[in-house]
Structure formats: structure tokens, C-alpha cells
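Visitor: This is the structure, below, for whatever I ask next.
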Amino acid sequence: MIWVGWRQQRAEAAIVAAMLAALAVVLLPTGLNVASAFDAGHLSSCTGATASDSCQQAVDQFLVRFSGLGGLVAWLTLLPGLVGTVLAAPLLVSLEQGTHRLDWTQSITRRRWLVTKLGLAALAAVVAAGVLVLLVTWWRTPFVRLQGRMDNSVFDSEGTVVLGYTLFALALCTLVGVLWRRAVPALMVGFAGYFAIRILFDTVVRQHLLTPLQATWSAHGAPPPSAWHAWVLHQFPSDRFGHLASVDIKCAHGPDITTNCATDAAFMHAVYHPASHFWALQGIETAIFGGLALAMLAFAAWWVHERVG
Amino acid sequence: MSAISTQDLGRRYGSKWALRDCTIEVPEGSVTALVGPNGAGKTTLLQLAVGLTRPSAGEVTVLGLSPRDPALLARVGFVAQEHPLHRGFTVAETMKLGRELNPGWDDALAQERLRRLDLPLDRTVGRLSGGQRAQVALTVALAKRPEVLVLDEPVASLDPLARREFLNALMEAVSETGLTAILSSHIVAELERVCDHLVILAQARAELAGPIDEILAGHRLLTGPRTDAAAVARMHDVIRERHTERQTTLLVRANGHVYDADWELHEIDLEEIVLAYLGYRASRPLTEAVAR
Chain W
363 MIWVGWRQQR
373 AEAAIVAAML
383 AALAVVLLPT
393 GLNVASAFDA
403 GHLSSCTGAT
413 ASDSCQQAVD
423 QFLVRFSGLG
433 GLVAWLTLLP
443 GLVGTVLAAP
453 LLVSLEQGTH
463 RLDWTQSITR
473 RRWLVTKLGL
483 AALAAVVAAG
493 VLVLLVTWWR
503 TPFVRLQGRM
513 DNSVFDSEGT
523 VVLGYTLFAL
533 ALCTLVGVLW
543 RRAVPALMVG
553 FAGYFAIRIL
563 FDTVVRQHLL
573 TPLQATWSAH
583 GAPPPSAWHA
593 WVLHQFPSDR
603 FGHLASVDIK
613 CAHGPDITTN
623 CATDAAFMHA
633 VYHPASHFWA
643 LQGIETAIFG
653 GLALAMLAFA
663 AWWVHERVG
Chain L
26 MSAISTQDLG
36 RRYGSKWALR
46 DCTIEVPEGS
56 VTALVGPNGA
66 GKTTLLQLAV
76 GLTRPSAGEV
86 TVLGLSPRDP
96 ALLARVGFVA
106 QEHPLHRGFT
116 VAETMKLGRE
126 LNPGWDDALA
136 QERLRRLDLP
146 LDRTVGRLSG
156 GQRAQVALTV
166 ALAKRPEVLV
176 LDEPVASLDP
186 LARREFLNAL
196 MEAVSETGLT
206 AILSSHIVAE
216 LERVCDHLVI
226 LAQARAELAG
236 PIDEILAGHR
246 LLTGPRTDAA
256 AVARMHDVIR
266 ERHTERQTTL
276 LVRANGHVYD
286 ADWELHEIDL
296 EEIVLAYLGY
306 RASRPLTEAV
316 AR
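Protein chains in written order, with this note's numbering: chain W, 363 to 671; chain L, 26 to 317.
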């Protein structure tokens, strides 16, 4: 059955491999370019929490030069969903074209057929997600050293969450497809649903997965070390009684907490996830997406086993 | 033992019964034709027999086992409607699929059949003609070495020549291996040559089931002067009655011999019997027909 399962999803596996290969063709040379610019600017000495003025200038120069490219790489957050959607296709097409009836009336049980087909698709999803994470993580190393990796656009394509996302997209498309029994619309709806849930996590859910830290510091001093490369949820100045200062606030947005937002404020307050929360947040989010993926795959398999003729 | 046996078998989709109260026996070693118009429940009955769908009512056994029994999988072959094959597979890969998925695969038989049919091994299935695809599907089913072979509308999509070749191949396999075959069709003409048993399905119910020679012997066409059919109907089942101004023609299923000087007796061919039964539903209450 392994050969049959592989043969039936060879084309989709080739599409995914081609997508990753095309990505590598773009990322490898540009990544080398980014890395050599990082070295040429001696930026490795500028990765600490406190940077000298000359460092700040070099960092800004580097970030401005590659901001367009970095923005493009952020779009790769769509790729896990696309990979999962493509890998869900063979099973759905088989059900739509009726070829499952050929397979099911040979000498193997439906259970073995389902386990092999879904297992191979999940395996391909994990391998593709792994390659994607390695490529993107390597490419973005210089940026992460300068800016951290807590920002959504970075967090989403590093660590283990990508595995969860890919499996989730595969499972969601599979479930919609076996219930609806129309392959192409099901894949489109599945991908759209996957994307909506990702946006929900980025904007609403993730910040609540762990309790964020709160810090208060003098408006003329430096923020606490834990705020370095943190994901700032709220940040506001106050007067010395703790009342919210009603001043024109010129705070830079981004992963770093900038000091001296308001010149006449006495204190700065911030609610944030420190960089040390990275793996805990990754783990929780991976568990949620991975767990939902396994539950949906199990339900889809049960549905096909019991309800599809 | 019956190869396939159903008892009050029914299958419902939503509120609509695709098959209802179906009780038939397909004897081992027989070649049974399952005849009926489109939508009569033929596909449903066959899919129930091979375990693709589960009954909503009643039960079906194949070789004494439930169709979903894993022990039965290797013993039953199935050629589905439209012969679904993986269109991107080559003929050789389709045979490899059969070899991979069937422990009892008879590769020599498969190769010999393909060679005789002159099928190009390296061509993808999607580029074969309809007749060739049907033969590939039959080859997969036969090389599995099943004891019971179920074919759903195997010749519906074929031209007359391909139809004849397909049925010849099937007959040959039946005579060589002694397998039990049941095939559905809405075309009666070719079946009489191939089959020895007949099941007529109409509007989700089995109307008639039995050996073809008994069916032929049991049905008579009576013609006589115009009269009411009531007298005949007391003795025999009147399947169809037609009246002209002066003459009445009855198709009856005779319970015993028809001795009646008023009527002239004629033999009748299978196709006409089938057509009469397919029109029969309209004129008789359901329960009566099923009780037969």
C-alpha cells in the first residue's frame, strides 16, 4: 500500500518540492548577500541591548537596505497553508473521481488505506514544513540577531509552529473535502479558513497564551533587560503619580521598547512578552494547531471509514 | 450455499429508499444479470454486496460473511460503474497496484490477458479507449482471483464491438475458473447469451429473481377474444394486459400449466418479459409484487 499511496500523491509531492526549490533559489543567494552585508558592517558587535551611536547608524542602514526583502520573506507565512492544501488534494480527488472504490475493493481494509494515505500526506507536510523553517530561519538570522523574533511576522515562520500550521491546513482541507465531497471548492474554503484562523491567532489569541510581564521604569532611564527584543502589547507613559500622561506620544512601534517617548512623563509602563517566552509560546501554539490537526484528521478518517461509499 | 444472499435488504439516502425489501439469492457458480432501469437500485445493491455501503435495513451476506469482513476482501472482485481507474497510472502501474494490494494476485493471468488484448503497458490509463479501460478494470478484478465477481454496468459505456469482447472475456473467465458473477445492466439483449440467472429491479424493489430457463418456461403470452383478465388472474399472475377492440393479450406468470381453450398460448423472449416487469410496477400494489 505504501507504493500505491506514494504513487497516488507523487504529483502533489512534486508540486510542493518545486515550490520549496523555487524558494531556495531565491533565498540562498539573497540570504548569502544579507549575511555578508551583516559581516561587512561589523554588525555582530551591535546585537547587544545597548548600542553605540555608530552601531545604531550601521544597524539602521542595514535594516533600511533589506527592509523590502524582509517584507517579502514575511509573506512566506502563507506557505505552510499552501503546502497543507496541496497535500490534502490527492485524497479528495480520489474520492471525487471514485478511484477509492477501486482501492477499497482490492484486498486491503479501508483502515489501512486511510492510515497510509493520511500518514504519507502528514509525513510530506512535516518534511516540507521542516525544510521551510530551516531555510527561512537561516535566511533571517541576521535580522533576528538585531531585532529579535517575537514579532508576529518572524514568530510565524520560525520554530515549531510551522509544523503545526502545515498539518492544520492539511487536516482542515481534508475534513472540509470529505464532508463536502467536492475537491476544488473544499480546498479553497479550507485554505481560506486556515488563513482566517491564523489571523485570529496573530491578532487576538497568541498574546493570551501566556501571562505577559508588566514593567515600570523611569522615563529618563532604560527599560528593564527583560524588555529587550520583547513583543510589546501595550506601552504608555505616566506622571509621577501613575496617572496616564496626556501628552503627545511619539513612541516607535515595533518589538523594542523605546525610551523617552514622552518628555514630560515621569514613568514608562509596558505590558510585554519577553524574548524568553519564545519557546513557551511556540510550544503552546504548536500543540494547539497540531492537536486540532490530529483531531480533524481522525474525524475525517472516521467519516470516510463509516460514511463514504 | 448462496454466493450472495440478501434478506429484506434496504438502503436509504435521506428520506428516499434507493433499495427496499430486497430478498434475493445468487447461487454459487451462477452468472446473474441484474436488470432494471436507471435509478432502480442496481448500483446500490451491488455496492452493498461489496461493502462499499452499509444497509439501512435488512442484511446481505457474501459467501456467508458480512461484506465488510476483512476476510472476505480478497475473495470478492468488483468492477465499478465507469470502471474508475487511476487515470495518471500506466497500465503496468495499474497492474502493480493490483499486485501490491492483493496477496493472491495472479500476475501470469494478468500479463497473459494484457498480451492477448494487445494493451500497451506503458500508456497511461487516461489515454486508453473506453473499451480498453474496461478490459484493464476487468483484468485487475480477475487477476485478484476472486470467488465472486461483481460488475456494475460493465458494458454500458462501451460500443457494441467492445461490449461483445468484454462479455466474451467475462464468459471465458467464468468457464475457466468457475467463479460466480453478478453484473448489472439496463441493456437486456446481450445478457441472455452470458447469464443463466436474472434479477429484475424496478423502483428500488426486486420484482423477479430466478434461473433464466425457469423464467422463460414460467411465462406465457396469452391471446384471445377481448375479455376481462379476472378469470386468468385467479389462477396466474397477470404481469401485463393489453386490449384492442377485439382481442386481449395477457402476459402471465403461470402457476402450473395453463389449460384454457379460450386462450392461445405463445412463448415469449426474455427481453419482452423484462420490459413487461419494468412496466408492471405501475399497475400492481407494491406489497403484492414483493411477496413473490
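Glycine residues also receive a C-beta, built at the ideal position from the N, C-alpha and C atoms. The model shown is predicted, which means the values in this text are computed figures rather than measured ones.
Any beta carbon of chain W sitting closer than 7 Å to that of N127 (chain L)?
Guide: Yes, because at least one Cβ of chain W sits closer than 7 Å to the Cβ of N127 (chain L).
Visitor: Taking 7 Å as the threshold (beta carbon to beta carbon), is W365 (chain W) in contact with chain L?
Guide: So yes, W365 (chain W) belongs to the interface.
Visitor: Mapping DSSP to helix, strand and coil, what is I650 (chain W)?
Guide: In this structure, I650 (chain W) counts as helix in the three-state DSSP scheme.
Visitor: Could you work out which residues of chain W lie near L122 (chain L), taking near to mean beta carbons separated by less than 7 Å?
Guide: Chain W residues near L122 (chain L): V366.
Visitor: 7 Å is my cut-off, CB to CB: does T149 (chain L) come that close to chain W?
Guide: Cβ-Cβ to chain W under 7 Å: no for T149 (chain L).
Visitor: Do the CB positions of A642 (chain W) and V594 (chain W) come within less than 7 Å of each other?
Guide: Not closer than 7 Å, so no.
Visitor: So does the segment 518-535 of chain W actually touch the segment 491-509 of chain W, counting three or more Cβ pairs closer than 8 Å?
Guide: Contact between the segment 518-535 of chain W and the segment 491-509 of chain W is present, because at least three Cβ pairs lie under 8 Å.
Visitor: Taking Cβ-Cβ distances shorter than 8 Å, what residues in chain L pair up with Q459 (chain W)?
Guide: Correct list: P109 and R112.
Visitor: How would you write the range of the beta strand (DSSP E) that L42 (chain L) sits in, first residue to last?
Guide: Before going further, note that residue 42 (chain L) is Trp rather than Leu in the sequence given. From DSSP, the beta strand (DSSP E) with W42 (chain L) extends over K41 to C47.
Visitor: Give the secondary structure of Q576 (chain W) by DSSP, where H, G and I count as helix, E and B as strand, and everything else as coil.
Guide: Q576 (chain W) falls in the strand class under three-state DSSP.
Visitor: Whole angstroms are fine: how far does the CA of H244 (chain L) sit from the CA of L290 (chain L)?
Guide: Their Cα atoms are separated by approximately 10 Å.
Visitor: Please list, in chain order, all residues of the same chain as G203 (chain L) whose beta carbon is under 8 Å from its beta carbon, the five residues on each side excluded.
Guide: Here the set comprises G54.
Visitor: Spatial neighbours of D177 (chain L) within its chain, please: C-beta separation below 6 Å, excluding the five flanking residues on both sides.
Guide: Same-chain partners within the cutoff: T68, L71, A105, Q106 and S209.
Visitor: Using a Cβ-Cβ distance cut-off of 7 Å, determine whether S519 (chain W) contacts chain L.
Guide: With 7 Å as the cut-off, S519 (chain W) does not count as an interface residue toward chain L.
Visitor: Name the chain L residues whose beta carbon is nearer than 9 Å to that of A373 (chain W)?
Guide: Correct list: G113.
Visitor: Determine whether the beta carbon atoms of L146 (chain L) and A166 (chain L) lie at a separation below 7 Å.
Guide: No. Outside cutoff.
Visitor: Alpha carbon to alpha carbon, what distance is there between G76 (chain L) and P128 (chain L)?
Guide: Going by the C-alpha atoms only, they are around 19 Å apart.
Visitor: Which of the residues in the segment 70-95 of chain L, read from start to end, lie with their CB under 7 Å from any CB of chain W?
Guide: Answer in chain order: Q72, V75, L77, T78 and P95.
Visitor: Per the DSSP calculation, H596 (chain W) is bridged to which residue(s)?
Guide: Paired residue(s): W:V633.
Visitor: Is the separation between the beta-carbon of R37 (chain L) and that of A229 (chain L) shorter than 7 Å?
Guide: No. Outside cutoff.
Visitor: Using DSSP bridges, identify the partner residues of V104 (chain L).
Guide: BP columns for V104 (chain L) point to L:L176.
Visitor: Expressed to the nearest angstrom, what Euclidean distance is found between the alpha-carbon atoms of G510 (chain W) and S588 (chain W)?
Guide: Using only the alpha carbons, I get a separation of about 12 Å.
Visitor: Quick check on the DSSP output: what are the complete beta strand (DSSP E) runs of length 3 or more inside the segment 181-218 of chain L, in order along the chain?
Guide: Listed in chain order, they are 205-210.
Visitor: Tell me which residues share the same chain as L34 (chain L) and place their Cβ nearer than 6 Å to its Cβ, disregarding the 5 neighbours each side in the sequence.
Guide: Once the five neighbours on either side are set aside, the close Cβ partners of L34 (chain L) are C47, P80, G83 and V85.
Visitor: Between W288 (chain L) and V51 (chain L), what straight-line distance do the alpha-carbon atoms span, to the nearest angstrom?
Guide: Distance between the alpha carbons of W288 (chain L) and V51 (chain L) is about 35 Å.
Visitor: Beta-carbon within less than 7 Å of S456 (chain W)'s beta-carbon, same chain only, minus the 5 sequence neighbours each way: which residues are those?
Guide: Cβ within range, chain order: Q370 and H462.
Visitor: Under the three-state reduction of DSSP, which class applies to R309 (chain L): helix, strand or coil?
Guide: Low confidence applies here, because R309 (chain L) scores a pLDDT of 48, under 50, leaving its location unreliable; read the following figure in that light. Looking at R309 (chain L) - three-state DSSP - the assignment turns out to be coil, as it is neither helix nor strand.
Visitor: Provide the residue(s) that pair with T149 (chain L) in DSSP beta bridges, ordered along the chain.
Guide: Partner(s): L:T115.
Visitor: Count the other CB atoms within 10 Å of the CB of F191 (chain L); is the residue buried (16 or more) or exposed (fewer)?
Guide: Buried, since its Cβ has 16 or more Cβ neighbours within 10 Å.
Visitor: Could you work out which residues of chain W lie near K169 (chain L), taking near to mean beta carbons separated by less than 8 Å?
Guide: Per Cβ cutoff of 8 Å: Q468 and S469.
Visitor: Spatial neighbours of A234 (chain L) within its chain, please: CB distance less than 6 Å, with the 5 preceding and 5 following residues excluded, ordered by chain position.
Guide: Taken in chain order, the residues that qualify are I49 and V224.
Visitor: Measuring alpha carbon to alpha carbon, tell me which residue in L:R152, L:A286 and L:L142 is nearest L163 (chain L).
Guide: For the residues L:R152, L:A286 and L:L142, the minimum Cα distance to L163 (chain L) belongs to L:L142.
Visitor: Looking only at its chain, what residues have a beta carbon closer than 6 Å to the beta carbon of H615 (chain W), apart from the 5 residues adjacent to it on each side?
Guide: For H615 (chain W), the pLDDT reaches just 43, beneath the cut-off of 50, and the residue's location in the model is therefore unreliable, leaving the point undetermined.
Visitor: Given 8 Å as the limit, is there contact between the segment 437-448 of chain W and the segment 398-412 of chain W, that is, 3 or more CB pairs closer than that?
Guide: The segment 437-448 of chain W, when compared against the segment 398-412 of chain W, does not touch it at the 8 Å Cβ threshold.
Visitor: Take the Cβ of G66 (chain L) as the centre, count every other Cβ of all protein chains shown within 10 Å, and call the residue buried at 16 or more, exposed below.
Guide: Under this definition G66 (chain L) is a buried residue.
Visitor: Taking only three categories from DSSP, how would you classify Q468 (chain W)?
Guide: Note: Q468 (chain W) maps to coil in three-state DSSP.
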